[in-house]
Amino acid sequence: MPETFDIISVGAVLVDMIALVEEFPKKDGESFVRDFKFMPGGAAANVAVITSRLGLKTAFSGKIGKDTFGELLLKDLTKEKVHFKNTIVISDEISTGSCYICVDKKGDRMIMAYSGAADTLAIDDLPLELFAKANWVNLSDLRNIASIEALLDSDIEINFSMSPGALIAQNPSRAYRLVQKAKLIVASVDEITQIFRCAEEEIDAITADLIEENKERVIAVTKGRRGATIYSKAETVKIPIFKVDVVDTTGAGDAFTAGMLYALTRGK
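This is the structure we're talking about:
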């Protein structure tokens, strides 16, 4: 009998290479790197790891290469108690993805991402029997969404959560179709305005329409230094930021998504 998971997070698991600089280099310029970090990442994997740390039973579904980066990532998922034994596919042909991140002294960042094997995830790679029993299936920032579109068009009923990220939001028509299927949407202001081709001032009305279509839907719009707004049938809640010294915002949105999934799984 298939295992039951609180969360199955679908998308990319990558190796992040983070360079900390005083300021971003200008075109054809150069910046001194004051610190360098090499660590596991990928939006979907981040969500899986954080929800696991919060005590949920979590699995990650995605694709990696048969290489050193892939081995490193599997070791990290094992350490973080994230299930992957029959949910990760290993490619013999395409390498594991990687992400190159530059962070300045204000905590702002520039990202260059190579999806690698993650971008070849197909519907046949997905553990559908596990998806059908999971409390939530979460999709985060994946360029090739054909497998998820096929899943959502199938007869399998799932609680679908999505945090589109730049890779999904940059294709508004396909992103919009995913939004129509989602019970939980966590997206930045920029992603919402890109998907709906709207101004920020129109977001309240757009979220109201989405919740009218599905009264169980919850939408969180993150606004960076301005906090976030959470919309549901019951209420709209504005959440301020905590006053902290910003070091690096990498993964902040993934942590927010994980927190939302944890709260909804625990009935909060």
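Residue 984 in the numbering used here sits at position 134 of the sequence shown; the count goes up by one each step and never skips. We treat Cβ as the ideally placed atom computed from N, Cα and C, and that holds for glycine. A quick note: this is a predicted structure, and the numbers were derived from the prediction, not measured.
Quiz prompt | Distance between beta carbons of Pro1014 and Ala1025, contact taken as under 8 Å | solution = 6 Å
Quiz item: What's the gap between the Cα of Asp1098 and the Cα of Lys1073?
Solution: 16 Å
Self-check item: Contact under 8 Å by Cβ, Ala984 with Ile1008
Solution: yes
Quiz item: For the alpha helix (DSSP H) that contains Leu1028, what are its first and last residues?
Solution: 1022-1031
Exercise. Report the rounded CA-to-CA distance for Leu971 versus Ile1089, giving the unit in angstroms.
Key: 35 Å
Exercise. May I ask which residues mark the beginning and end of the alpha helix (DSSP H) holding Arg1075?
Key: Arg1075 -> no alpha helix (DSSP H), and no H or E assigned at all.
Quiz prompt | Sequence-distant residues of its chain with Cβ nearer than 8 Å to Leu978 (five each side left out) | solution = Leu1001, Ser1004, Ile1006
Practice problem: Return the chain-ordered list of same chain residues with a C-beta closer than 7 Å to the C-beta of Phe874, the five sequence neighbours on each side being excluded. | Solution: Ser881, Cys952, Asp954, Met960
Exercise. Check the DSSP bridge columns for Met1012 and list the partner residues they point to.
Key: Leu989, Ile1035
Self-check item: Secondary structure of Asp942, DSSP reduced to three states
Solution: coil
Practice problem: Output the residue ranges of the beta strand (DSSP E) runs that lie fully inside the stretch 924-976 and measure 3 residues or longer, sorted by chain position. | Solution: 938-941, 946-953, 959-966
Practice problem: Take Gly892 as the anchor and find which of Leu927, Ala1113, Glu1066 has the nearest alpha-carbon. | Solution: Leu927
Practice problem: For the stretch 1058-1116, list the alpha helix (DSSP H) runs that are entirely contained and at least 4 residues long, ordered along the chain. | Solution: 1102-1115
Self-check item: Neighbour flag for Thr1057 against chain B, beta carbons, 8 Å
Solution: Any reference to chain B falls outside this structure, which holds one protein chain only.
Practice problem: Report yes or no: do the stretch 926-940 and the stretch 1078-1088 share at least 3 C-beta pairs separated by less than 8 Å? | Solution: no
Exercise. Could you name the residues that DSSP lists as bridge partners for Leu864?
Key: Gly891
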